[in-house]
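Visitor: Quick one: this structure, given as structure tokens, is what I'll be asking you about.
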Amino acid sequence: MLIRIKKASDVKSSEITAKEAILNRRSFMAAAAAASGVALLPAFAGPAHAGAKFSNVKKTKWGEAEKPTSLDGVTSYNNFYEFGTGKTDPKENAHSLKPNPWSIEIAGHAEKTGRFDLDDLIRPHQLEERIYRMRCVEAWSMVIPWVGIPLSSVLKRFNPTSKAKYVAFETLVDVKQMPSQKFPILPWPYVEGLRMDEAMHPLTLLAVGVHGEAMPNQNGAPVRLVVPWKYGFKGIKSIVKISFVENQPPASWNIQAPREYGFYSNVYPDRDHPRWSQGSERRITGEGGLKALFAPKVQTLRFNGYEEEVASLYQGMDLMELF
Ligand code: MTE
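Structure follows, in structure tokens:
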């Protein structure tokens, strides 16, 4: 098991500079606001506790016609192994996660790097609601009204260089907050990656909420990735680091079982999982008792139904091999 505890001496001077810059900018903004008599907008971190409602979310066309899975369904049947491997473990155990304050380190091949408050990363952008179909590799699915912003709008602000071919993501490591990190269920931290064009695709979200509320801990508070044309495990939760990298980065399930889970992990019903079919899925609506077992069965579509939007990203690739 790998637990990385950062000592003060490990902190790079670039990180310190970035933090100072944040603090300076804040005091500058506060001074400017005071001088003009304008009250500063409440920080994005306002809805910091689960259940708090966002007031400024723009509705979008995405998923207008879909019937979303209930809030109870979305928040009580989860995969978040840092809190246990059972589907109800995250809801029971994730109260120990402290999502506020939260910062993300931006690293690698970009003109700007450093550590930034989540608040500062999200606040300049309009929050949107996108109702996406989400397909889990275990052949169940939900329809989830996410609140978030396109990942591209955050990434662009750091001016990635031409060496940035992929984006790598890391979840928090802190055994006090994430008690199942005591156990070597997966190598910690949970890591994931996207190719640059996937990360920049307009469908790819940095999500901070669900059903109009701040992200519940069990769903990856305070911030997670959402890539609706890929299997759910690409949606890394509770992100603390985003790096622009030159080579394909490691991805937790791909490291764990490379024959079963590839790096791309596109929803592709033509290619079965070695142990089960990927041709259909149980759609969890959140109504009824046993969550997945008796949920209605629906056909799984290529790229989870987002083929028109994303198939061009993979032109010329053999998706049976590069799964
Ligand atoms: N992120 C972290 N850090 N740890 C995890 O165990 N599980 C993944 C993904 N992100 C996971 C994670 C898997 S397997 C799935 S299916 C989705 O989160 C589930 O997201 P949900 O619980 O919000 O539906």
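With this note's numbering, the residue at position 143 of the sequence shown is 143, and numbering never jumps.
C-beta: ideal position from N, C-alpha, C; glycine also.
1. Grouping DSSP H, G and I as helix and E and B as strand, with all else coil, what is T75?
2. Residues in the same chain with beta-carbon distance under 8 Å from M104, minus the five sequence neighbours each way, listed in chain order, please.
3. Considering only residues of the same chain and omitting the five flanking positions on each side of R366, which have a CB-CB separation below 6 Å?
4. Quick one: grab the DSSP three-state call for P335.
5. Identify whether A107 lies in helix, strand or coil by the three-state DSSP scheme.
6. What residues come near ligand 1, if near means a beta carbon less than 5 Å from any of its heavy atoms?
7. Within the same chain, show all residues whose beta-carbon is closer than 6 Å to that of E82, passing over the 5 residues directly before and after it, in chain order.
8. Since P99 and A207 are thought to touch, with beta carbons under 8 Å apart, how far apart are those beta carbons, to the nearest angstrom?
9. For I185, which residues in the same chain have their Cβ closer than 7 Å to its Cβ, ignoring the five residues on either side in sequence?
10. Would you identify the three-state DSSP class for I144, choosing helix, strand or coil?
11. Tell me whether the beta-carbon of T204 lies closer than 8 Å to the beta-carbon of E213.
12. Would the segment 121-141 count as touching the segment 62-80 if we require 3 or more Cβ pairs under 8 Å?
13. Could you give the first and the last residue of the continuous beta strand (DSSP E) run that contains L127?
14. In three-state terms, what does DSSP make of Q278?
15. For W62 and L97, what's the separation of their Cα atoms in angstroms?
16. Using CA coordinates, which residue listed in T300, L225, K176, P150 is at the minimum distance from M200?
17. For I255, is the classification buried or exposed, using 16 other Cβ atoms within 10 angstroms of its Cβ as the cut-off for buried?
18. For a test of the three-state rule: what should DSSP assign to G212, helix, strand or coil?
19. Measure the alpha-carbon distance for K176 versus M317 and round it to whole angstroms.
20. Taking Cβ to Cβ, would you say N304 is nearer than 8 Å to W253?
21. Return the bridge partner residues of R195 from the DSSP annotation.
22. Let me confirm a value: F294 is counted as buried when at least 16 other C-beta atoms fall within 10 Å, else exposed. Which label applies?
23. Are the beta-carbon atoms of T69 and K91 separated by less than 8 Å?
24. For F244, I'd like the list of residues in its chain whose CB is within less than 7 Å of its CB, leaving aside the five on either flank, ordered along the chain.
25. Given this structure, state the Cα-to-Cα distance separating E129 from P189, to the nearest angstrom.
26. Starting from L121, trace the alpha helix (DSSP H) in both directions and tell me its first and last residue.
27. Please return the same chain residues whose Cβ sits closer than 8 Å to the Cβ of K297, not counting the five positions on each side in sequence.
28. By Cβ distance below 7 Å, which residues in the same chain neighbour M142 in space, the five residues on each side in sequence not counted?
29. Is W276 buried or exposed, if buried means 16 or more other CB atoms sit within 10 Å of its CB?
30. Helix, strand or coil for L206, going by three-state DSSP, please let me know.
31. Compute the distance between the beta-carbons of I236 and T171, then report whether it is under 8 Å.
32. Report whether the distance from the Cβ of E111 to the nearest heavy atom of ligand 2 is below 7 Å.
Guide: Once the coordinates are examined:
1. Position 75 of the sequence shown, counting from 1, holds the residue named residue 75. If DSSP states are grouped into helix, strand and coil, T75 belongs with the helices.
2. Residue numbering aside, residue 104 sits at position 104 when the sequence shown is read from its first letter. The sequence shown places Ile at residue 104, not Met. Correct list, in chain order: R115, F116, L118, L121, V223, I239, V240, K241, I242.
3. For the chain, the structure presents residues 1 to 323; residue 366 sits outside this window and is missing.
4. Absent from the model: residue 335. The displayed extent of the chain is 1 to 323, so no value can be given.
5. As a position in the sequence shown, residue 107 is number 107, starting the count at 1. A107 falls in the strand class under three-state DSSP.
6. N78, N79, F80, Y81, C136, T171, Y190, N219, G232, F233, G235, I236, K237
7. Counting from one through the sequence shown, the residue named residue 82 turns up at place 82. Cβ within range, chain order: M178, S180, Q181.
8. Stepping through the sequence shown from its first residue, residue 99 is reached at position 99. Stepping through the sequence shown from its first residue, residue 207 is reached at position 207. Not really, about 13 Å apart at Cβ, beyond 8 Å.
9. To locate residue 185, count along the sequence shown from 1; it is residue 185. Here the set comprises Y81, T85.
10. Taking the sequence shown and counting its residues from 1, the one referred to as residue 144 is at position 144. It is a strand residue.
11. Taking the sequence shown and counting its residues from 1, one reaches residue 204 at position 204. Taking the sequence shown and counting its residues from 1, one reaches residue 213 at position 213. Not closer than 8 Å, so no.
12. yes
13. Position 127 of the sequence shown, counted from the first residue, corresponds to residue 127. Taken as a continuous stretch (DSSP letters only), the beta strand (DSSP E) holding L127 covers 127-135.
14. Position 278 of the sequence shown, counted from the first residue, corresponds to residue 278. Looking at Q278 - three-state DSSP - the assignment turns out to be coil, as it is neither helix nor strand.
15. Walking along the sequence shown from the start, residue 62 turns up at place 62. Walking along the sequence shown from the start, residue 97 turns up at place 97. Going by the C-alpha atoms only, they are around 30 Å apart.
16. Residue 200 sits at position 200 when you count from the first residue of the sequence shown. Checked all of T300, L225, K176, P150; the closest Cα to M200 is P150.
17. Counting from 1 along the sequence shown, the entry for residue 255 is found at position 255. Exposed is the call here.
18. Numbered from 1 along the sequence shown, position 212 holds the residue referred to as residue 212. Note: G212 maps to coil in three-state DSSP.
19. Residue mapping note: residue 176 aligns to position 176 of the sequence shown, counting from 1. Residue mapping note: residue 317 aligns to position 317 of the sequence shown, counting from 1. C-alpha separation (whole angstroms): 43 Å.
20. Position 304 of the sequence shown, counted from the first residue, corresponds to residue 304. Position 253 of the sequence shown, counted from the first residue, corresponds to residue 253. Contact: no.
21. One-based indexing of the sequence shown puts residue 195 at position 195. Note: R195 sits in a beta bridge opposite Y166.
22. For the purposes of this step, residue 294 is taken as residue 294 along the sequence shown, with counting starting at 1. Burial call: exposed.
23. Within the sequence shown, the letter at position 69 stands for residue 69. Within the sequence shown, the letter at position 91 stands for residue 91. Contact: no.
24. The count along the sequence shown starts at 1 and reaches residue 244 at position 244. G108, H109, A110, P160, A164, V167, listed in sequence order.
25. The sequence position of residue 129 within the sequence shown is 129, counting from 1. The sequence position of residue 189 within the sequence shown is 189, counting from 1. Each residue's alpha carbon lies about 29 Å from the other.
26. Mapped onto the sequence shown, residue 121 falls at position 121. Start and end: 118-122.
27. On the sequence shown, position 297 is the one that residue 297 refers to. Around K297: S280, E281, R282, R283.
28. Position 142 of the sequence shown, counting from 1, holds the residue named residue 142. T69, G73, V74, M134, I284.
29. For this step, residue 276 is matched to residue 276 along the sequence shown. W276 should be labelled exposed.
30. Your numbering for residue 206 matches position 206 in the sequence shown. Residue state, collapsed to three classes: strand.
31. Against the sequence shown, residue 236 aligns to sequence position 236. Against the sequence shown, residue 171 aligns to sequence position 171. In contact: I236 and T171 (Cβ atoms closer than 8 Å).
32. Summarising the ligand content, the structure contains ligand 1 and does not contain ligand 2.
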